[in-house]
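Anchor point for the sequence shown: position 177 equals 177 in the working numbering, and the numbering is continuous, going up by one each time. We put the beta carbon where it would ideally sit given N, CA and C, even for glycine. Only a predicted model underlies this, so the values are computations on that prediction, with no experimental measurement involved. Here is the structure we will look at, set down as structure tokens.
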Amino acid sequence: MSQFTQLSHYVNGERIAGTSGRFGDIYNPSKGAKASEVPLASKSEVEAAIAIAQDAFPAWAATSVLARSRIMTKFVHLLYEHQHELATLVCNEHGKVIEDAMGSVLRGIEVAEFACGAPHQQKGEFSDGVARGIDIYSMRKPLGVVAGITPFNFPAMIPLWMAGMALVTGNTVVMKPSEKDPSCPLRLAELFVEAGGPPGVFNVINGDKEAVDTLLNDERIKAVSFVGSTPIAQYVYATATANGKRCQAMGGAKNHMLILPDADLEDVANALMGAAYGSAGERCMAISVGVCVGDEVADKLIDILKPRVEALRIGNSTDTGLEMGPLVTKEHREKVMGYIQMAADEGSKLVVDGRGFVCEGHEDGFFLGGSLIDQVKPDMTSYQEEIFGPVLQIMRVGSFEEGMALATDHPYGNGTSIFTKNGAAARTFADRVEVGMVGINVPIPVPLAFHSFGGWKASAFGDHNQYGMEGLRFYTKVKTVTARWQDSGVDAEFSMPVLK
Ligand code: NAD
């Protein structure tokens with residue numbers, strides 16, 4: 001018997017132990033020590049969870065949208081009540097600092113709050129009297145059992161992006177969270193049942209590729225929502241759609257901030273510190289590239305940033321008043337360190353090298369200091385690829401057009417922002433840049449729950465964004481009814497109607 005706590009799955013309203021005999025290790029990143037083990041489900045365990053969700057579907061789909069929305073409202077109340085508990089789970093397995101973890105939980109709750117409006121949102125359309133005695137109306141029906149596959153970096157928010165809209169519209173869910181930090185999604189499913197959600201409607205199955213492949217290939221799964229890295233997003237999208245499923249698959253990112261010479265550089269520095277180093281850069285909307293128009297802007301900005309990056313307050317995730325915690329795993333920290341070395345080898349300049357950072361009292365934690373890299377060029381691999389760590393790369397361009405072209409030409413197109421006082425330049429940028437989410441003097445333009453989230457190019461595959469009305473459309477299919485109700489009889493008609 002292992003000395004470590006063994007986590008479980010959550011199926012049919014209860015926590016159940018894994019039976020595959022395979023486990024993944026969960027670490028507390030601040031301590032750098034193994035904290036628990038997560039069961040990695042076998043194909044048959046995933047199939048059993050799908051069967052439970054399939055059985056629960058007819059009754060849940062037939063539950064009135066008002067009743068589903070009331071359960072969602074109760075769920076929202078419980079989420080607020082347990083916000084700190086959920087955030088602490090995020091800190092202990094992911095490594096975000098507590099204030100940031102609280103914010104990430106809130107962003108997830110906001111999607112569940114939006115979902116409470118389903119009675120209005122899920123309304124169909126009606127055209128009366130389109131011909132003699134004939135009306136046409138449409139309904140938005142749930143799809144059936146849907147799968148959510150989530151990444152490590154937002155273990156509360158992203159499961160709620162998916163679960164909120166999927167559940168309220170009448171689907172049943174099998175969620176497969178990241179095997180690095182699954183405690184929060186397990187707790188979410190438990191709270192949904194506490195809120196009155198019927199057992200079997202929201203299930204969480206832990207696992208790795210075997211679990212994902214089972215979800216992608218099982219014909220009872222009608223839709224797959226995925227968020228993670230681009231190579232896996234491409235694989236998930238290709239496999240799910242080849243199997244006839246609806247799929248949205250969000251991938252990686254490399255987000256540019258364009259800084260024009262008229263921008264207030266103190267404001268820019270404040271924005272960049274939070275956007276590049278918050279959550280140790282492990283955000284798909286983190287700004288990882290600052291693009292300065294002109295050497296003067298770059299030189300001044302680096303002068304402001306350098307001492308601030310060197311003085312970042314980094315420490316144990318659950319302590320308050322910190323700016324940055326550790327990275328999620330030792331392997332991920334090594335990968336980020338590899339990119340810093342690559343950047344130096346490729347000829348860019350390490351203004352601040354975070355690799356030497358040691359967190360006093362937490363020497364074994366997966367900590368890395370902030371890094372600031374100047375003289376980055378478009379053909380460098382360290383620029384082309386996503387680093388996903390506390391590393392800000394600075395590029396120097398000669399003009400607005402050249403800077404906008406960098407964001408447009410980059411393979412990723414998740415988020416971008418522009419800092420300027422020039423409204424016309426900002427408007428042109430928002431209109432023309434080939435990126436899905438744009439900030440104007442806002443560094444991390446994550447749309448709120450009543451809009452929707454989605455990147456372009458290699459950052460997202462599929463036709464629908466996450467949450468908002470896009471989420472509602474993703475999780476429902478339209479049925480249209482044409483009905484004739486009239487007192488007199490109907491003549492036989494052999495031709496399509498013509499204008500008379
Ligand atoms: P990941 O792709 O490694 O894992 C995501 C999910 O896929 C996990 O549940 C994992 O178990 C599963 N998975 C991993 N390898 C698999 C395989 N070979 N076959 C099938 N399933 C597999 O991503 P991650 O490291 O957990 O998360 C970080 C990535 O997610 C970054 O690239 C980040 O930019 C991206 N991300 C994107 C968004 C967005 O909305 N665009 C949001 C958050 C994170």
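Measuring alpha carbon to alpha carbon, tell me which residue in the options is nearest residue i.
| i | options | result |
| --- | --- | --- |
| residue 324 | 386, 331 and 315 | 315 |
| residue 185 | 201, 150, 195 and 212 | 150 |
| residue 63 | 488, 141, 226 and 303 | 141 |
| residue 389 | 366, 45 and 404 | 366 |
| residue 350 | 283, 70 and 373 | 373 |
| residue 181 | 329, 353 and 453 | 329 |
| residue 358 | 385, 311 and 338 | 311 |
| residue 473 | 221, 129, 169 and 257 | 169 |
| residue 464 | 333, 458 and 452 | 452 |
| residue 409 | 336, 433 and 396 | 433 |
| residue 417 | 293, 268, 256 and 320 | 256 |
| residue 77 | 430, 406 and 191 | 191 |
| residue 288 | 231, 320, 252 and 96 | 252 |
| residue 490 | 134, 118 and 108 | 134 |
| residue 527 | 31, 131, 187 and 28 | The displayed coordinates of the chain run from 1 to 500. Any statement about residue 527 would go beyond what the structure contains. |
| residue 484 | 32, 44 and 132 | 132 |
| residue 383 | 120, 406, 320 and 401 | 406 |
| residue 394 | 429, 430 and 348 | 348 |
| residue 362 | 219, 207, 28 and 73 | 28 |
Excluding sequence positions up to five away, which residues of its chain have a Cβ less than 7 Å from the Cβ of residue i?
| i | result |
| --- | --- |
| residue 216 | 224, 236, 239, 240 and 243 |
| residue 57 | 144, 145 and 172 |
| residue 55 | 200 |
| residue 227 | 150, 151, 158 and 250 |
| residue 477 | 141 and 143 |
| residue 104 | 90, 96, 154, 156 and 157 |
Once the 5 residues before and after residue i are set aside, which same chain residues still bring their CB inside 6 Å of it?
| i | result |
| --- | --- |
| residue 42 | 20 |
| residue 152 | 178, 180, 181 and 328 |
| residue 318 | 91 and 98 |
| residue 101 | 87, 90 and 91 |
| residue 337 | 355 |
| residue 471 | 165 |
| residue 380 | 346 |
Give me the Cα-Cα distance between residue i and residue j, rounded to the nearest whole angstrom.
| i | j | result |
| --- | --- | --- |
| residue 296 | residue 313 | 28 Å |
| residue 38 | residue 6 | 6 Å |
| residue 449 | residue 308 | 32 Å |
| residue 479 | residue 378 | 48 Å |
| residue 196 | residue 82 | 16 Å |
| residue 84 | residue 40 | 27 Å |
| residue 23 | residue 280 | 27 Å |
| residue 326 | residue 446 | 23 Å |
| residue 413 | residue 114 | 26 Å |
| residue 88 | residue 136 | 51 Å |
| residue 444 | residue 127 | 42 Å |
| residue 419 | residue 258 | 6 Å |
| residue 369 | residue 274 | 14 Å |
| residue 247 | residue 221 | 11 Å |
| residue 459 | residue 387 | 14 Å |
| residue 497 | residue 138 | 22 Å |
| residue 468 | residue 166 | 11 Å |
| residue 364 | residue 234 | 35 Å |
| residue 422 | residue 268 | 15 Å |
| residue 398 | residue 3 | 59 Å |
| residue 305 | residue 33 | 33 Å |
| residue 211 | residue 334 | 27 Å |
| residue 462 | residue 411 | 16 Å |
| residue 265 | residue 391 | 19 Å |
| residue 119 | residue 69 | 7 Å |
| residue 284 | residue 209 | 22 Å |
| residue 129 | residue 160 | 41 Å |
| residue 426 | residue 440 | 6 Å |
| residue 110 | residue 75 | 12 Å |
Along the beta strand (DSSP E) that carries residue i, what are the first and last residues, could you check?
| i | result |
| --- | --- |
| residue 142 | 134 to 142 |
| residue 170 | Segment: none, residue 170 is in no beta strand (DSSP E) and carries neither H nor E. |
| residue 428 | Element bounds for residue 428: not the beta strand (DSSP E) but the alpha helix (DSSP H), 423 to 432. |
| residue 465 | It is not in any beta strand (DSSP E) - residue 465 carries neither H nor E in the DSSP assignment. |
| residue 400 | Counting along the chain, residue 400 falls outside any beta strand (DSSP E), though it belongs to the alpha helix (DSSP H) covering 400 to 409. |
| residue 39 | 33 to 39 |
| residue 482 | 476 to 484 |
On the DSSP letters alone, give me the boundaries of the alpha helix (DSSP H) that residue i sits inside.
| i | result |
| --- | --- |
| residue 333 | 330 to 345 |
| residue 105 | 98 to 115 |
| residue 214 | 209 to 217 |
| residue 63 | Residue 63 -> no alpha helix (DSSP H), and no H or E assigned at all. |
| residue 186 | 183 to 194 |
Here's a check: name, in chain order, each residue in its chain whose Cβ is nearer than 8 Å to the Cβ of residue i, leaving out the five neighbours to either side.
| i | result |
| --- | --- |
| residue 48 | 11 |
| residue 203 | 9, 10, 11, 12, 49, 52, 53, 172, 173, 174, 175 and 189 |
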